[in-house]
Every structure is written in structure tokens, then in C-alpha cells.
Amino acid sequence: MTLGNSMLIPVLPTMEKEIGITPFQSSMIITVYSIVAILLIPFAGYISDRIGRKKVIIPSLIITGLGGALSAFAAWKLNNPYTVILIGRFLQGIGAAGAFPVVLPTVGDLFKKDEEISKGLGIIETSNTFGKVLSPILGAILAAIIWFIPFVSIPIFSLVSVLLMLFLVKPPVNDEEKVTFKKFAYSIKGIFSKNWRWLSSVFLIGCFNMFILFGFLFHLSSILESKFGINGISKGGILAIPLFVLCLASYYTGKKIGKNKNIMKWTIFIGNLTCGVTLLLIKPGASLLMIITLLSFGSAGIGVSLPCLDALITEGIDKQERGTITSIYSSMRFIGVAAGPPVVATLMGFSFNLVYLCLAVFSVLGSLLTFFAIKPDPSPEKRGLADKLDKLDVPNTLFASKK
4 MTLGNSMLIP
14 VLPTMEKEIG
24 ITPFQSSMII
34 TVYSIVAILL
44 IPFAGYISDR
54 IGRKKVIIPS
64 LIITGLGGAL
74 SAFAAWKLNN
84 PYTVILIGRF
94 LQGIGAAGAF
104 PVVLPTVGDL
114 FKKDEEISKG
124 LGIIETSNTF
134 GKVLSPILGA
144 ILAAIIWFIP
154 FVSIPIFSLV
164 SVLLMLFLVK
174 PPVNDEEKVT
184 FKKFAYSIKG
194 IFSKNWRWLS
204 SVFLIGCFNM
214 FILFGFLFHL
224 SSILESKFGI
234 NGISKGGILA
244 IPLFVLCLAS
254 YYTGKKIGKN
264 KNIMKWTIFI
274 GNLTCGVTLL
284 LIKPGASLLM
294 IITLLSFGSA
304 GIGVSLPCLD
314 ALITEGIDKQ
324 ERGTITSIYS
334 SMRFIGVAAG
344 PPVVATLMGF
354 SFNLVYLCLA
364 VFSVLGSLLT
374 FFAIKPDPSP
384 EKRGLADKLD
394 KLDVPNTLFA
404 SKK
């Protein structure tokens with residue numbers, strides 16, 4: 004699913020030349036995919052809670068493949084393919100809504116212990132990021148053959164994913180009683196009324212992280228050609244460097260955080276603060292080496308943050324509502340993906356400094372939200388009130404101790 008989106012970033016400048024579109028129009032090829040996903044992800048999450056994860060993921064992958072085939076056909080055969088490419092990306096966004104976001108609750112279903120869920124989510128986030136690492140390289144290699152070949156690859160990857168899901172993923176049978184929509188809606192309302200502070204903060208931080216990541220990737224892709232004269236496979240390799248750092252950071256963090264939510268909080272705080280500071284240091288006269296180094300530090304900050312956000316959401320919500328809540332979280336991440344390229348494309352028309360100042364501000368906002376709004380339950384020796392609440396049979400939440 005990552006390949007289906009990030010793979011197109013290094014190809015966007017080429018598309019602008021091939022089909023005669025502006026940078027803002029090319030950014031919409033990423034954004035339209037994300038906008039439709041934003042709207043449909045919560046529905047996919049709810050349906051997956053009711054009928055099962057695989058029954059949502061597999062049809063969604065098929066729709067993604069059909070959308071990729073339509074975009075490829077338009078680019079190949081039509082004289083003015085831009086509108087039809089966007090329609091194809093719209094279909095891919097529909098598929099995306101029911102694929103990757105449903106993976107997070109599936110991992111939560113497969114494991115019972117919080118430590119195992121955290122490790123599983125770390126691997127998933129690493130896989131997601133590794134897709135981003137491969138994306139610019141693969142996109143550049145495929146575009147070097149013919150510029151629209153990246154669209155052709157999307158149905159192929161979707162088919163492989165369908166086969167893997169069919170034969171290798173066997174989620175546990177859910178023998179719990181199915182609740183009515185009215186009861187389900189009431190339970191979701193209860194979750195938000197008790198946990199709105201930390202839930203809304205995690206949603207926003209996930210959005211900010213994706214906004215920053217896709218924002219600076221779009222900008223880096225543009226300046227590699229316009230400022231440094233680098234394109235093709237070399238460009239894809241350079242774009243992959245900060246993403247590779249992000250991938251390593253996600254993998255290591257997922258292995259180490261376990262179930263300690265205080266560690267998760269401070270990891271998110273430090274990660275976002277590090278990202279904000281490094282982005283502020285990027286200046287117009289900086290060398291390519293300096294820009295890549297600073298963006299790699301910023302990527303590491305995002306990389307340590309993402310598995311912690313995933314774990315807080317997945318481990319803090321009961322199984323029956325997990326798909327819906329994690330899907331809302333995924334929608335917020337897609338908002339960041341959708342907003343990053345067009346906002347940066349607009350800011351590029353004003354100044355270089357404004358691009359990174361804007362991205363840094365959102366990163367610092369993520370740190371402040373983490374510091375003030377995410378308050379995990381105290382350590383065992385300092386629990387006090389939490390222990391008393393346990394005795395009063397208070398419902399389980401992330402920030403109330405579990406029986």
C-alpha cells in the first residue's frame with residue numbers, strides 16, 4: 004500500500020513535463036488518493052469489526068489494483084490523461100481505505116500480550132516504512148523505462164497481496180456476540196467521552212507526522228532536480244536515505260518499547276522535538292549532504308514516534324471497537340499525507356525558509372500535545388488512586404489500570 008502512493012513522488016516532476024501539468028496539479032495525484040481514503044477509512048474499520056478483517060482487506064486490494072490499471076491505461080493511451088489518472092487514483096484511495104488501516108487492528112487481534120502487540124506493530128510500521136524506502140528507488144527505476152510504468156506495477160503488487168492474505172493470514176475466529184449498531188455507537192461514544200484527551204492528541208500527532216514526512220519528501224524531490232540537477236535512479240536513491248533511517252528507527256523502537264506507556268509518551272515527545280529542531284536548521288544555502296543529514300535526523304524522530312502512537316491506540320482499545328478507532332487514527336494520518344504535498348507546493352512559491360518553518364512548527368506542536376495531553380497511568384509503586392479505581396470496577400482504558 005505504501006508503494007502504491009510513495010512510489011509516485013520521484014515521478015511527479017516527470018509527469019508534469021509529460022502531460023503538461025503544474026506542480027500543484029501533480030501534487031493532487033497524491034492528494035486525491037488520500038482524500039477519498041480519509042472519508043472511507045472509518046467505514047472500513049467499522050465493517051471490519053462486524054464481518055472480519057480479511058473480508059474487508061481482500062476486496063479493497065482488488066479495487067486498488069483496478070484503480071492502478073485505469074491510471075496506467077489513461078497514461079498509455081489518452082492524449083490528455085490527467086483527469087482519468089485522478090479517477091484511477093480515486094479508486095486506489097477507496098482500496099487503500101480498507102487495506103492498510105485494517106492491518107493495525109488485525110495485529111491486535113492476532114496477539115494477546117501487550118508486549119507481543121507492540122512488537123507486531125513495530126514490524127508493521129517498519130514494513131510500512133520499508134515500503135517508503137523502496138518506493139523512490141523503485142519508482143525511479145520503473146519510470147526510467149516508461150514514465151507511467153509505476154502505475155502498471157500497482158495491480159501486480161495488489162494481486163500478490165491478495166494471494167498472501169488468502170493463504171498466509173489466519174486471524175483468530177471471533178466467537179464474541181455481535182453487538183447492534185446502536186450498542187456499538189454507544190460504546191464508541193463512551194470511549195471518546197472517557198478518553199477524548201489522549202485519543203484526539205494521538206490522532207493529531209499521527210496527522211502531523213505524515214504531513215511533515217510527505218511535505219519534505221515532496222520538497223526534496225523538487226529541489227533534487229531544480230537545484231542540484233539530480234534525477235532518475237540517483238534521485239530515488241537519495242530520497243530513500245531519510246526513509247531508510249525512519250525505517251530503522253521504527254523497527255528498533257517497536258522491539259524496545261514493550262508495554263511501558265510512559266516510555267511511549269517520552270519517545271513520542273523527544274522524537275517530535277528532534278524532528279522540529281533539525282528542520283529549523285535547514286537553510287537555502289545548505290549543501291545536499293547537510294540537507295540529507297538533517298532530514299535523516301528528522302526522519303528518525305518521526306520513526307520512533309510512529310510505533311508508539313500505533314501501540315497506544317491498539318493496546319488501549321477493546322477488540323470490538325479496535326478496528327473503528329484505529330481506522331479514525333489512520334484517517335488522520337492520511338489527512339497529513341493529503342495535505343503535505345499541496346501545502347508545500349504552495350509555500351515553495353514564497354520562500355525556501357517558509358517550507359521548513361511550517362513543517363518545524365507542526366513538529367513542535369506534536370511535542371507539546373504529547374507533553375500536556377498524553378498522561379499514562381502511574382507506575383505500580385505510585386498508583387494510589389488507580390488501585391482504588393480498580394476496586395470500584397471502572398471500565399478498562401489505556402489510562403486506567405487493567406485488572
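Counting with the working numbering, you get residues 4 to 406 for the letters of the sequence shown. C-beta atoms are modelled at their ideal positions from N, C-alpha and C, and glycine is treated no differently. The structure presented is a predicted model; accordingly, all values stated were derived computationally and were not measured.
Endpoints, the alpha helix (DSSP H) within which residue i is located
i           : result
residue 103 : 103-113
residue 275 : 264-283
residue 97  : 85-100
residue 240 : 235-259
residue 371 : 355-376
residue 301 : 291-318
residue 62  : 57-80
residue 23  : Where residue 23 is concerned, there is no enclosing alpha helix (DSSP H), given that its DSSP letter is neither H nor E.
residue 132 : 117-148
residue 168 : 152-171
residue 11  : From DSSP, residue 11 is part of no alpha helix (DSSP H); its letter is neither H nor E.
Close Cβ partners of residue i (< 8 Å) along its chain, the five nearest in sequence each way excluded
i           : result
residue 110 : 120, 123, 124, 127, 317
residue 336 : 209, 210, 212, 213
residue 32  : 11, 15, 18, 88, 89, 92
residue 356 : 286, 287
Rounded Cβ spacing between residue i and residue j (contact assumed at less than 8 Å)
i           : j           : result
residue 67  : residue 40  : Actually they do not touch by this definition, with Cβ atoms about 10 Å apart.
residue 10  : residue 141 : 6 Å
residue 77  : residue 98  : Incorrect: roughly 17 Å between the Cβ atoms, too far for contact.
residue 1   : residue 256 : No statement about residue 1 is possible, as the shown extent of the chain runs from 4 to 406 and does not include it.
residue 363 : residue 283 : 5 Å
residue 155 : residue 105 : Actually they are not in contact, since the Cβ atoms of residue 155 and residue 105 sit about 26 Å apart, beyond 8 Å.
residue 35  : residue 89  : 5 Å
residue 148 : residue 85  : Incorrect: roughly 21 Å between the Cβ atoms, too far for contact.
residue 165 : residue 61  : 6 Å
residue 294 : residue 285 : 6 Å
residue 96  : residue 38  : 7 Å
residue 117 : residue 262 : 4 Å
residue 377 : residue 199 : About 12 Å separates the two Cβ atoms, so there is no contact after all.
residue 131 : residue 5   : 5 Å
residue 221 : residue 344 : 4 Å
Close-in-space but distant-in-sequence residues of the same chain around residue i (CB under 6 Å, 5 per side omitted)
i           : result
residue 157 : 7, 71
residue 161 : 64, 67, 68
residue 15  : 29
residue 136 : 243, 246, 247, 250
residue 339 : 210, 213, 214
residue 264 : 379
residue 325 : 108, 111
residue 272 : 370, 373, 374
residue 291 : 231
residue 100 : 40, 43, 44, 47
residue 341 : 34, 37, 38
residue 274 : 304, 307, 308
residue 394 : Confidence at residue 394 is low in this model, with a pLDDT of 46, below 50, so its placement is unreliable and the value that follows should be read with caution. Nothing listed; no residue qualifies.
residue 390 : Low confidence applies to residue 390: its pLDDT is 43, below 50, so where it sits in the model is not reliable enough to give any reading.
residue 367 : 279
residue 233 : 227
Proximal residues to residue i (C-beta, below 7 Å), its chain only, five neighbours per side dropped
i           : result
residue 172 : 57
residue 267 : 260, 311, 314, 315
residue 152 : 145, 146
residue 143 : 13, 235, 236, 238, 239
residue 79  : 151
residue 133 : 250
residue 74  : 88, 91, 92, 154
residue 329 : 48, 104, 107, 108, 316, 317
residue 334 : 41, 44, 45
residue 129 : 250, 253, 254, 257
residue 191 : 324, 327
residue 94  : 66, 69, 70, 73
residue 358 : 222, 347, 350, 351
Discussion item. Count Cβ pairs between the segment 292-310 and the segment 240-248 that sit closer than 8 Å; are there 3 or more?
Written reply: For the pair of segments examined, the segment 292-310 was found to touch the segment 240-248: the number of CB pairs separated by less than 8 Å reaches three.
Fill in: the segment 19-35 contacting the segment 341-353, beta-carbon criterion three pairs below 8 Å
Short answer: they touch.
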